[in-house]
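Right, one structure below, let's go through it.
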Amino acid sequence: MKILLNCAMSVDGKIALPSRKETAISNREDLERVHRIRSGVDAILVGIGTILTDDSKLTVSEKYVKVVKQPLRIVLDSRGRTPPTARVLNGQAKTLIVTNESCKKIFSGADVARFGKDRVDLKALMGHLEKSGIGTLLVEGGETVMWSFFRQGLVDEMSVFVGSMIIGGTTSPTLAGGEGFGSLEDVTRLRFAGCEQLGDGVLLRYEVVK
Ligand SMILES: NC(=O)c1ccc[n+]([C@@H]2O[C@H](COP(=O)([O-])OP(=O)(O)OC[C@H]3O[C@@H](n4cnc5c(N)ncnc54)[C@H](OP(=O)(O)O)[C@@H]3O)[C@@H](O)[C@H]2O)c1
Numbered sequence: 622m623k624i625l626l627n628c629a630m631s632v633d634g635k636i637a638l639p640s641r642k643e644t645a646i647s648n649r650e651d652l653e654r655v656h657r658i659r660s661g662v663d664a665i666l667v668g669i670g671t672i673l674t675d676d677s678k679l680t681v682s683e684k685y686v687k688v689v690k691q692p693l694r695i696v697l698d699s700r701g702r703t704p705p706t707a708r709v710l711n712g713q714a715k716t717l718i719v720t721n722e723s724c725k726k727i728f729s730g731a732d733v734a735r736f737g738k739d740r741v742d743l744k745a746l747m748g749h750l751e752k753s754g755i756g757t758l759l760v761e762g763g764e765t766v767m768w769s770f771f772r773q774g775l776v777d778e779m780s781v782f783v784g785s786m787i788i789g790g791t792t793s794p795t796l797a798g799g800e801g802f803g804s805l806e807d808v809t810r811l812r813f814a815g816c817e818q819l820g821d822g823v824l825l826r827y828e829v830v831k
C-alpha cells in the first residue's frame, strides 16, 4: 500500500492557529489540487483531533473535480470521541472509525475497526487496510497523526503547500508534532521531488528515504 501525506502550512511551519482553530492556509489552486488527489486515492485518514477542531468532511467536492469518486474516510479515534453530529458521519462517503481494542462504542453512519491497546496500532491497521484492498492512503493530519506516521516510517511520499503567511505561536500545531526525534541519526530524511508555484503559494514534493 502506498501512503501519501499532504498538508498545508504557513512559511513558519504552522498548520493552524495557536488556538488550533483551522485557518485557510490553502488557496484556490491548492484546494483544487487536494480534491484531485483525494479523488485518486482509496482512503483518506485523519486523527480525532482534526475532527474535533475542524469538523472535516473529508469528501471530494464537485466544485473542484469533474468526475467525483469518494474515497473511504478513516478516523483514528482510540476512545470513540467522534461526535454523532460530526460531518465525517454525514453519509456522503463510507467512513471507518478506528478505536482501540477496549473501546466498545459503535457509530451510526460508520463501520468500526479496533486495533491496539492504547492508541490505534498503525501497523496493524495498515495491514488490515491493505488486505481490504486499499492501494493508496492519503494522510491529511493533524500534527499528532502525521508525527506518528513519520516516527513509524510509514510515509512514502509527501506534499506540502506553503501558504504565504506567518502564523507564529509556540503552541500552534506544526507539520509533525509529538515528542520529535531525539537525534540527527533518527530524523526522517526526505528526497526533494519537485516544487511549483500555486497561485500566491508554493507546493513542495518529497519522497521519504527508507
Ligand atoms: N493545515 C493542514 O493541512 C491541517 C490538516 C489537518 C489538521 N490540521 C490541524 O491540526 C490540528 C489537529 O492536530 P492534533 O494533533 O490535535 O490532532 P490529530 O493529529 O488530528 O489527532 C490526534 C489524535 O488521534 C488519536 N490517535 C489514535 N491513534 C493514534 C496514533 N496511532 N497516532 C496518533 N494519534 C492517534 C489520539 O487521540 P485519542 O488518544 O483520543 O484517540 C490523538 O490525540 C488542528 O489544529 C487542525 O486544524 C491542519
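According to the numbering used here, the sequence shown is numbered sequentially starting from 622.
The beta carbon of each residue, even a glycine, is placed where N, CA and C say it ideally should be.
Treat the numbers as computed from the prediction; the structure is a model and nothing was measured.
Since G798 contacts T757 with CB under 8 Å, what's their CB separation in whole angstroms? With a contact defined as Cβ atoms closer than 8 Å, G798 and T757 miss out at about 24 Å.
Mind the definition here: the stretch 633-647 touches the stretch 778-787 only if three or more C-beta pairs lie below 8 Å; say whether that holds. By the C-beta criterion, the stretch 633-647 is judged to be in contact with the stretch 778-787, since at least 3 inter-stretch pairs fall below 8 Å.
Excluding the 5 residues preceding and the 5 following R702 in the sequence, name in chain order all residues of the same chain whose CB lies nearer than 6 Å to its CB. Result list for R702: I669, in chain order.
By the three-class DSSP mapping on this structure, what secondary structure does T674 have? In this structure, T674 counts as helix in the three-state DSSP scheme.
Just verifying my parser: in three-state terms, what is the DSSP assignment at S804? Collapsing the DSSP output to three states places S804 in coil.
Identify whether G784 lies in helix, strand or coil by the three-state DSSP scheme. Reduced to three states, the DSSP call for G784 is strand.
Cβ-based neighbour list, R810, same chain, cut-off 7 Å, excluding 5 preceding and 5 following: Only V830 meet the Cβ criterion.
Closest Cα partner of D676 within the set Y685, V688, E643 and S699: Between D676 and the set Y685, V688, E643 and S699, the nearest pair of CA atoms involves E643.
What is the DSSP secondary structure of D742, counted as helix, strand or coil? Three-state result, D742: coil.
What I want to know is whether the C-beta of T674 ends up closer than 6 Å to one or more non-hydrogen atoms of ligand 1. Checking every heavy atom of ligand 1 against the Cβ of T674, one is found closer than 6 Å.
Which parts of the stretch 705-758 are runs of the beta strand (DSSP E), unbroken and 3 residues or longer, counting only runs that do not cross its ends? Here the runs fully enclosed are 716-720 and 732-735.
Would you kindly check if the distance between the Cβ of T680 and the Cβ of A714 is under 7 Å? With respect to the 7 Å criterion, A714 and T680 are classified as neighbours on the basis of their beta carbons.
Local conformation of E650 per DSSP, three classes: It is helical.
Which residue's Cα is closest to the Cα of Y685: T706, P704 and R659? Of all alpha-carbon atoms in T706, P704 and R659, the one lying nearest the alpha-carbon of Y685 is that of R659.
Leaving out the 5 sequence neighbours to the left and right, which residues in its chain are closer than 8 Å to L838 when beta-carbon positions are compared? Past the edges of the chain, shown from 622 to 831, lies residue 838, and the structure says nothing about it.
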